[in-house]
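Residue numbers (this note's numbering): 16 to 223.
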């Protein structure tokens, strides 16, 4: 089911779909919105549900059925528009970020995902380990989503997760956490919020 739309100071809109429905319900919702669904049936069931939710969120964002394309890096694009978008999935949520004026990246992750503690060496650099302590799960999840969101904004899956993206120290807050980072000579502003037991982080280029 669709959840509330969130607005960000950067001009980013974030729309969220909670995956409560089984595939027949999602197909019915797509047909009701006149969204073509023939291409969905050949996909694995998990991907069918994600894809249907993506198309339904696009319909809500743009007010009409639209096709979702992908560039050479696999980054999503909306056919016939110049709006920048980014998408993230978890087993429970699909999130869509849209920005008319600049690149945007979004990532969602379950707040209780313990696996990030075990792989901290793969995405935290030496400086970040000074302020993100080994047993601090919330900070690890935030850092993971921040770096993933920047990679999506950069449209470059080959970026070095450790030294290629550098997060500045941050303090997690209950409502909204702001993070600053540098990547490829550019400065990013990130906004991270908790929604439905997930951390959802949005990255846009910082205003100079």
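A virtual CB, placed ideally from N, CA and C, is assigned to each residue, including glycine. Predicted model, so just to flag it, every value in this text is computed and none were measured.
(message) Between which two residues does the alpha helix (DSSP H) holding residue 123 run?
(response) Element bounds for residue 123: not the alpha helix (DSSP H) but the beta strand (DSSP E), 119-125.
(message) Do residue 162 and residue 176 have their beta-carbon atoms positioned less than 8 Å apart in this structure?
(response) yes
(request) Sort 35, 129, 182 by Cα distance to residue 141 and report the nearest one. (result) 182
(message) For residue 31 and residue 145, I'd like the C-alpha separation in whole angstroms.
(response) 34 Å
(request) Determine the direct distance from the alpha carbon of residue 53 to that of residue 100, and round the result to whole angstroms. (result) 23 Å
(message) With the cut-off set at 8 Å, would you say residue 131 and residue 113 are in Cβ contact?
(response) no
(message) Taking the straight line between their C-alpha atoms, what separation do you get for residue 203 and residue 221?
(response) Computed Cα separation, rounded: 5 Å.
(message) Within the continuous beta strand (DSSP E) that includes residue 187, where are the two ends?
(response) Premise fails: residue 187 is in no beta strand (DSSP E) and is neither H nor E.
(request) Going by CA-CA distance only, name the one from 119, 171, 86, 186 that's closest to residue 147. (result) 186
(message) Give me the residue from 28, 58, 196 with the minimum Cα distance to residue 139.
(response) 196
(message) The alpha helix (DSSP H) that contains residue 160, what's its start and end?
(response) From DSSP, the alpha helix (DSSP H) with residue 160 extends over 152-169.
(message) For residue 133, report the span of its beta strand (DSSP E) as first-last.
(response) First-last for residue 133: 130-133, but that is the alpha helix (DSSP H), not the beta strand (DSSP E).
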